[in-house]
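Residue numbers (our numbering): -16 to 97.
Put into structure tokens, the structure is as follows:
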């Protein structure tokens, strides 16, 4: 349970960092970031697998690069569901999701599995 809460905290902190680094991604504060981290986990657990399955032909044809588009869509979906998180445009969603993925991979390699 503690590892989950630590991972949740780091994801919220990374959302705030991405908001400062990527123009077009806005997170109002810690409350929105924590709620956004929770929603991102839920969206990635329930919606993302369906999207990956439905877009499998595009993913295969693009050698997996279409998964970046799916990640951007998941981040955009979180911005629609969570008040206080706004994303202006697809390019911001794409860059924000790519940066968030890379930063999360770095934190996960430091902390280990949840």
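Every residue, glycine too, gets a C-beta built ideally from N, C-alpha and C. Predicted, not measured: the structure shown is a model, and the values here were computed from it.
Between residue 55 and the set -10, -8 and 75, the nearest pair of CA atoms involves 75. In this structure the region -5 to 4 lies against the region 76 to 87, because at least three pairs of beta carbons, one per stretch, are closer than 8 angstroms.
Taking the C-beta atoms as reference points, residue 16 is found no nearer than 8 angstroms to residue -14. By the 16-neighbour rule on beta-carbons within 10 angstroms, residue 62 is buried.
The alpha helix (DSSP H) runs lying completely inside the region 6 to 76 and spanning 4 residues or more are 13 to 29, 31 to 37, 39 to 44 and 49 to 64, given in chain order. Rounded to the nearest whole angstrom, the C-alpha separation of residue -2 and residue 71 is 15 angstroms.
If you draw a 10 Å sphere on the C-beta of residue 20, you find 16 or more other C-beta atoms in it, and that means buried.
A distance below 6 angstroms between beta-carbons, with the five flanking residues on each side excluded, links residue 60 to the following residues of its chain, in chain order: 26.
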